[in-house]
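Undergrad:
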Amino acid sequence: MIASMAYVKQDWQSLGPYATKTREMAENILASQPLRGNLYIAVGHLLEGADNLQQQGLVRGLPQALRKLQLVYNFLDKASAIDSSDPELNLIKGYMDLMLAMALPFANPADAIARLDKYAAPSSFADWGIAIAYRDLSDYEKANEYADIAKASVPKHPELHYLKAQILVLLGQRELAQEYFQTAPERRNSPR
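So the number in the working numbering is just where the residue sits in the sequence shown, counting from 1, plus 111.
1) Suppose you measure from the CA of Pro-220 to the CA of Ser-234; what does that come to, to the nearest Å?
2) Quick one: what's got a C-beta closer than 6 Å to Asp-250's C-beta in the same chain, skipping five residues either side?
3) So does the region 194-203 actually touch the region 231-246, counting three or more Cβ pairs closer than 8 Å?
4) Is the beta carbon of Trp-123 closer than 8 Å to that of Gln-167?
5) Classify Leu-177 as buried or exposed, calling it buried when 16 or more other Cβ atoms lie within 10 Å of its own Cβ.
6) Would Tyr-257 and Ala-242 be called neighbours here (beta carbons separated by less than 8 Å)?
7) Could you tell me which whole alpha helix (DSSP H) segments of length 4 or greater appear in the region 136-221?
8) Grouping DSSP H, G and I as helix and E and B as strand, with all else coil, what is Asp-250?
9) Thinking Ala-295 and Ile-278 are a contact (beta carbons under 8 Å), I'd like their distance in whole angstroms, please.
10) Could you give the first and the last residue of the continuous alpha helix (DSSP H) run that contains Val-280?
11) Can you give the Cα-Cα distance for His-272 and Gly-205, rounded to whole angstroms?
12) Could you check what DSSP says for Gln-293 in three-state terms: helix, strand or coil?
13) Mind checking Leu-158: buried by the 16 CB within 10 Å criterion, or exposed?
14) I'd like the list of long-range same chain contacts for Gly-148, defined as Cβ closer than 6 Å, with 5 residues on each side in sequence excluded.
15) Among the residues of its own chain, which have a CB less than 8 Å from the CB of Lys-179, if the five just before and after it don't count?
16) Kindly list the residues whose CB is nearer than 7 Å to the CB of Thr-133, restricted to its own chain and excluding five residues on each side of it in sequence; keep chain order.
17) Excluding the 5 residues flanking Val-183 on each side, which residues of the same chain have their C-beta closer than 6 Å to its C-beta?
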């Protein structure tokens with residue numbers, strides 16, 4: 112989780128070490144928890160690949176990132192073979208589908224959003240991801256709708272308040288956005 116937050120916050124100095132730690136910890140639980148182990152080994156490799164691209168640039172980092180991506184899919188396949196209906200597995204796969212769909216010109220983000228909405232859990236995280244996707248697709252009304260749905264499940268999460276504020280700014284509702292920006296830090300220290 113810390114590694115993914117480093118990626119989201121573009122904390123490039125922390126990403127590599129946390130990504131490697133994620134993968135190593137997942138390798139340690141592989142024998143006792145094969146589904147979670149395979150899933151988080153995949154996540155670790157994915158974030159290590161992102162770190163390679165960030166640190167080395169596209170030309171030098173791409174070959175390593177592609178090797179990592181192949182490992183990601185191998186470990187996700189192993190996790191899927193154990194339980195393809197696992198909600199956390201589908202959440203991770205849904206987020207990956209969404210990231211790829213947003214980045215690749217021939218991909219369809221609507222399909223990725225639908226899969227995330229239908230198969231991923233917990234629903235609050237799926238809705239959060241969908242809100243981000245709609246924000247990035249400039250569909251601010253839908254982004255706002257999904258941010259509200261996610262916020263209803265975890266009303267005290269500060270990052271959701273920041274997301275809601277960002278969306279409100281994009282909708283031109285600056286005064287309301289300011290309220291969310293101001294309450295987000297207060298929520299950081301409250302139980303979620």
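We put the CB at the ideal spot given by N, CA and C, even for glycine.
TA: The structure says:
1) For Pro-220 and Ser-234, the distance between alpha carbons rounds to 18 Å.
2) Within the same chain, Asp-250 has no close Cβ partners at all.
3) The region 194-203 vs the region 231-246: in contact.
4) With respect to Trp-123, Gln-167 sits apart: the two C-beta atoms are not nearer than 8 Å.
5) Leu-177 counts as exposed, since fewer than 16 other beta carbons sit within 10 angstroms of its beta carbon.
6) Yes; because the gap between Cβ atoms is below 8 Å, this pair is in contact.
7) The qualifying runs are 145-193 and 198-214.
8) Here Asp-250 sits in coil by DSSP.
9) 13 Å between Cβ atoms; not a contact.
10) It spans 269-281 - the alpha helix (DSSP H) in which Val-280 sits, taken as one unbroken run.
11) Distance between the alpha carbons of His-272 and Gly-205: 22 Å.
12) Gln-293: helix per DSSP, three-state reduction.
13) Per the 10 Å Cβ criterion, buried.
14) Cβ neighbours of Gly-148 beyond the five flanking positions: Ala-137, Ile-140 and Leu-141.
15) Only His-156, Leu-157, Glu-159, Gly-160 and Asn-163 meet the Cβ criterion.
16) Contacts found: Ala-114, Tyr-151, Val-154, Gly-155 and Leu-158.
17) Result list for Val-183: Ala-153, His-156 and Leu-157, in chain order.
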